[in-house]
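Participant: Pasting a structure here, questions to come.
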Amino acid sequence: VFGDHVPGHTDVWQEFMAKRDQMGYSPEAAIAAKKEVLGAQVAAGDTSGLRGAVGTYDQIREYLRRYEEAGVDQVIFVMQAGRNRHEDIMSSLELFAGEVLPEFKERDPAASAAKAERIAPIVEAALARRVDDAPAMPEGYVMRAIPKAMVEAVDSDEGRRFLDTMAEKSAVGDEDGLSDLLG
201 VFGDHVPGHT DVWQEFMAKR DQMGYSPEAA IAAKKEVLGA QVAAGDTSGL
251 RGAVGTYDQI REYLRRYEEA GVDQVIFVMQ AGRNRHEDIM SSLELFAGEV
301 LPEFKERDPA ASAAKAERIA PIVEAALARR VDDAPAMPEG YVMRAIPKAM
351 VEAVDSDEGR RFLDTMAEKS AVGDEDGLSD LLG
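In this note's numbering, the protein residues as written are 201 to 383.
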């Protein structure tokens, strides 16, 4: 979006982060500008929401509460972007689960029930419009696994025995037997 990319050489993430600031692009700010519910604080000069879910436990709780109040019942954290180590990502998730999530989890059953009640007439109306006009499958239609279809196509008794033995050994978790069978 912001320039030239040389595969295998360009650090796209670093370029994006640097040029993103220069261009003034912030997805959170764009959403906030369109949605007064989330944008009220931005309009009032509070730009803390532009950092996303980064900060202290209280800052993250406040950030997520604003989404919750706007009716958002699911968020996705993009933690693997950039040069984050797996251990750091897992540590962040554990801290989030222990320190921030409980408040939201506690309210979820009531919020989910209220949402289900609110959308029930909409779902019912949509399902009532649904027409089940899919043609019936032909009598005796079978979809064979490719190896089995290949063995049947060449009418090989040896192939059938091989597949039967492989199925038996797989079913009981006989890894040694499978290794012997496959060579």
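Glycine residues also receive a C-beta, built at the ideal position from the N, C-alpha and C atoms.
Would you mind sorting residue 341 into buried or exposed? The rule is 16 or more other CB atoms within 10 Å of its CB.
Facilitator: Residue mapping note: residue 341 aligns to position 141 of the sequence shown, counting from 1. When all chains shown are included, residue 341 counts as exposed.
Participant: Is it right to say residue 346 is buried, meaning 16 or more other beta carbons lie within 10 angstroms of its own, or is it exposed?
Facilitator: By 1-based counting over the sequence shown, the position of residue 346 is 146. By the neighbour-count rule (16 or more Cβ atoms within 10 Å), residue 346 is not buried but exposed.
Participant: Expressed to the nearest angstrom, what Euclidean distance is found between the alpha-carbon atoms of residue 372 and residue 336?
Facilitator: Position 172 of the sequence shown, counting from 1, holds the residue named residue 372. Position 136 of the sequence shown, counting from 1, holds the residue named residue 336. Cα to Cα, residue 372 sits roughly 36 Å from residue 336.
Participant: For residue 303, which residues in the same chain have their Cβ closer than 7 Å to its Cβ, ignoring the five residues on either side in sequence?
Facilitator: Walking along the sequence shown from the start, residue 303 turns up at place 103. If we look at residue 303 and ignore the five residues flanking it on each side, its Cβ neighbours are 261.
Participant: Do residue 299 and residue 263 have their CB atoms nearer than 8 Å?
Facilitator: Along the sequence shown, read from residue 1 onward, the residue named residue 299 stands at position 99. Along the sequence shown, read from residue 1 onward, the residue named residue 263 stands at position 63. The answer is no: Cβ separation not under 8 Å.
Participant: Only counting the same chain, and skipping five residues up and downstream in sequence, which positions put a Cβ closer than 7 Å to that of residue 359?
Facilitator: Here residue 359 is taken as the residue at index 159 of the sequence shown, counted from 1. Only 351 meet the Cβ criterion.
Participant: To the nearest angstrom, how far is it from the Cα of residue 374 to the Cα of residue 344?
Facilitator: One-based indexing of the sequence shown puts residue 374 at position 174. One-based indexing of the sequence shown puts residue 344 at position 144. Straight-line Cα distance between these residues: approximately 24 Å.
Participant: Since residue 357 is in the alpha helix (DSSP H), which residue starts that stretch and which ends it?
Facilitator: Walking along the sequence shown from the start, residue 357 turns up at place 157. Unbroken alpha helix (DSSP H) run through residue 357: 357-371.
Participant: Write down every uninterrupted run of the alpha helix (DSSP H) in the stretch 288-336 whose length is 4 residues or greater and which is fully enclosed by it, in chain order.
Facilitator: As far as the stretch 288-336 is concerned, its whole alpha helix (DSSP H) runs of at least 4 residues are 301-329.
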